[in-house]
Every structure is written in structure tokens, then in C-alpha cells.
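Input: a single structure, listed below in C-alpha cells.
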Amino acid sequence: MTTSPMHLLPAVDIKAGAVFQNTDSDRKVSEFFGSPAEVITSFVNFGSKWIHLVDLDTAYGTGENSQLINNLVGSYQVNFQVSGGISNSFTLERALKSKAKWINLSTACLMDIEWTLDQIKAHSGRIGISLDVLNGVLTARGSNTVVGDLQTYVEILSKAGCTRFVVTDNSTDGKMSGPNFDLLTQVSKITKAEIISSGGVSDLSDLVKLREFGIAGVIVGKAFYTGQINFKAALDTCYK
Numbered sequence: 001m002t003t004s005p006m007h008l009l010p011a012v013d014i015k016a017g018a019v020f021q022n023t024d025s026d027r028k029v030s031e032f033f034g035s036p037a038e039v040i041t042s043f044v045n046f047g048s049k050w051i052h053l054v055d056l057d058t059a060y061g062t063g064e065n066s067q068l069i070n071n072l073v074g075s076y077q078v079n080f081q082v083s084g085g086i087s088n089s090f091t092l093e094r095a096l097k098s099k100a101k102w103i104n105l106s107t108a109c110l111m112d113i114e115w116t117l118d119q120i121k122a123h124s125g126r127i128g129i130s131l132d133v134l135n136g137v138l139t140a141r142g143s144n145t146v147v148g149d150l151q152t153y154v155e156i157l158s159k160a161g162c163t164r165f166v167v168t169d170n171s172t173d174g175k176m177s178g179p180n181f182d183l184l185t186q187v188s189k190i191t192k193a194e195i196i197s198s199g200g201v202s203d204l205s206d207l208v209k210l211r212e213f214g215i216a217g218v219i220v221g222k223a224f225y226t227g228q229i230n231f232k233a234a235l236d237t238c239y240k
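Per the numbering used here, residue 1 is the first one in the sequence shown, and the count goes up by one each step.
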């Protein structure tokens, strides 16, 4: 069986100008992995086609790294997806000024659904929506704000022309316990938009299953930083 290539997006999470990853199962211990430029250069040198760049400070209300992110996006011949706390006109305009190919609005943006629908129509194709899900309910990770019913919002967003969803199971993100295929199946039955799976990937077999499932792309963080997955092997699994 021939399957379509699947975009591989290594996650580069920025906090206070540096790259950090949660290295414990409860996401309470963050480990420093160097400067963003060093980390991105490493992924690019290995042949990465994409970088998933996250401003953790904006997402968690502890500051912002927008100028650094804009500089990074403009410094590499690679596609960028930027994310992290983009939920209002100010943070969106800041992100739009970068050269990022894709921009993810956070799940929290759905608290102002009319604004979100306006942005989807105004920036069709460039904007995607993060669907952070906890126990079947949309729940913003940065603020733990409960947004509402997953199906209802996906239907509304799809009807408005959303072309891409980034789907995360909050309960398994960072725990390398495998992607939540039940959740991915649920979303895929509601929408024809592209789906990017985020979180849970622990080995190459997870990438094989996601590609066979027909996922458009996958975001991988912890498994690369801990050495659990070889990056070159992951690239081959996703694209060859």
C-alpha cells in the first residue's frame, strides 16, 4: 500500500529565549536544551523540512519571545509553523508579521468564536486552529480554560473554511504513550480539513501508524530530545 508523505514537524519550545522540554511524565520538570538557533540549525542540517516553533511564555502568560521568533523564522530556508498563545488580534498580528508559513491560533481563541471565524476567512490557508482536548472536551493548555464540545466547534470552524487543525490530547502530551487514535478518528470524521497530530509519539511505529491513518503531519518533541527516536529515521518514515 502506497501512502502519502506526512509532514514531520520537530518542536522547538522557547521559554525566556532558550529551548526547554518537559522531561518528566507530569510536565513539571523542564530541561534546557540550548539556544533556539543551535537547535533549529541541528534539525535543518539533518534535513528537516519544517520547524514547529512555540512561544511558551506567551502561551503561559510569563512573557513573550516574538522578536526572537520573527528573527529565527527569517533566518532559515525551511518552513515554520508558529504557535503558542495566539488568541487575539495583538498576538496574531505579531505572528503574521513573521515569514512563518503556518500560524496556529490557540484553543483559547475559541472563547471569541466570531473573532476566530473572521480570522479564518481573512487569512485562509495560513491559519490553523489548535484543538487541545482533555477527556473529550476542548481545554486550553496554557490557561486550563474549558472551551466546550469538540464536535460542535470543529463543525463550526470547518464550515467557516478552516483548512488545518492541530490536535493534541492534553492527557498524553509529553508522556510518549502513543498518539490518541480514537481522538484523531473522531476529528477526521467531522472535518475534511488537514489534521496535524501533536503529542504522544514514542517510537517509529507511531509514525508509521499515523502515516497509514492519513494524517497530514505530526509534531514530535520529547522523543527527539531524549534520543528515543533517531531524527533521520523519522524523516525516512514520514517521507519515503
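Note that beta-carbon positions come from the ideal geometry of N, C-alpha and C, so glycine has one too.
**Close beta carbons around Ala223, own chain, < 8 Å, minus the five adjacent residues each side** = For the purposes of this step, residue 223 is taken as residue 223 along the sequence shown, with counting starting at 1. Correct list, in chain order: Met176, Val201, Ser202, Asp203 and Ile229.
**Asked** Where does Phe33 sit, in a helix, a strand or coil, going by DSSP?
**Response** The count along the sequence shown starts at 1 and reaches residue 33 at position 33. Secondary structure at Phe33: coil, using DSSP grouped into helix, strand and coil.
**Prompt:** Taking the beta strand (DSSP E) that Gln119 falls in, what are its first and last residues?
**Reply:** Your numbering for residue 119 matches position 119 in the sequence shown. Run containing Gln119: none in the beta strand (DSSP E); it sits in the alpha helix (DSSP H), Ile113 to Ala122.
**Asked** Which runs of the alpha helix (DSSP H), 4 residues or longer, sit entirely within the region 17-105?
**Response** Counting only runs of 4 or more, we get 36-45, 56-60, 66-73 and 89-96.
**Prompt:** With DSSP run on the structure shown, which of helix, strand or coil describes Asp203?
**Reply:** Walking along the sequence shown from the start, residue 203 turns up at place 203. Asp203: coil per DSSP, three-state reduction.
**Request:** On the DSSP bridge assignment, give the partners of Thr139 in chain order.
**Result:** Counted from its first residue, the sequence shown places residue 139 at position 139. Per DSSP, Val146.
**Message:** I need the straight-line Cα distance from Asp132 to Val167, nearest angstrom please.
**Reply:** The sequence position of residue 132 within the sequence shown is 132, counting from 1. The sequence position of residue 167 within the sequence shown is 167, counting from 1. When rounded, the distance between both Cα atoms is 6 Å.
**Asked** Which of helix, strand or coil does DSSP assign to Ser198?
**Response** As a position in the sequence shown, residue 198 is number 198, starting the count at 1. Here Ser198 sits in strand by DSSP.
**Request:** Using beta-carbon positions only, say whether Gly217 and Leu9 come within less than 8 Å of one another.
**Result:** Taking the first residue of the sequence shown as 1, we reach residue 217 at position 217. Taking the first residue of the sequence shown as 1, we reach residue 9 at position 9. Closer than 8 Å, so yes.
**Request:** Quickly, what does DSSP pair Thr168 with across the bridge? List them, please.
**Result:** Start at 1 with the first residue of the sequence shown, and residue 168 comes out as number 168. Assignment of beta-bridge partners to Thr168 by DSSP yields Asp132 and Ser198.
**Message:** What would DSSP say about Ile156, mapped onto helix, strand or coil?
**Reply:** The count along the sequence shown starts at 1 and reaches residue 156 at position 156. If DSSP states are grouped into helix, strand and coil, Ile156 belongs with the helices.
**Exposure label - Thr163; buried when at least 16 CB within 10 Å** = Along the sequence shown, read from residue 1 onward, the residue named residue 163 stands at position 163. It counts as buried.
**Message:** Suppose contacts are defined by Cβ-Cβ distances below 8 Å. Is Gly161 in contact with Lys121 by that definition?
**Reply:** As a working mapping, residue 161 is identified with position 161 in the sequence shown. As a working mapping, residue 121 is identified with position 121 in the sequence shown. Yes, the pair counts as a contact, with Cβ atoms nearer than the cut-off.
**Asked** Just how far apart, CA to CA, sit Asp206 and Gly178?
**Response** For the purposes of this step, residue 206 is taken as residue 206 along the sequence shown, with counting starting at 1. For the purposes of this step, residue 178 is taken as residue 178 along the sequence shown, with counting starting at 1. If I take the Cα positions, the gap works out to 6 Å.
**Asked** Would you call the CB atoms of Phe213 and Leu184 closer than 8 Å?
**Response** As a first step, residue 213 must be located in the sequence shown, where it is residue number 213. As a first step, residue 184 must be located in the sequence shown, where it is residue number 184. A distance below 8 Å separates the beta carbons of Phe213 and Leu184.
**Element boundaries [alpha helix (DSSP H), containing Leu183]** = For the purposes of this step, residue 183 is identified with residue 183 of the sequence shown, where counting begins at 1. Membership of Leu183 in the alpha helix (DSSP H) is indicated by the continuous run Phe181 to Ile190.
**Prompt:** From Gly85 to Thr139, what does the alpha carbon distance come to, in whole angstroms?
**Reply:** One-based indexing of the sequence shown puts residue 85 at position 85. One-based indexing of the sequence shown puts residue 139 at position 139. Going by the C-alpha atoms only, they are around 13 Å apart.
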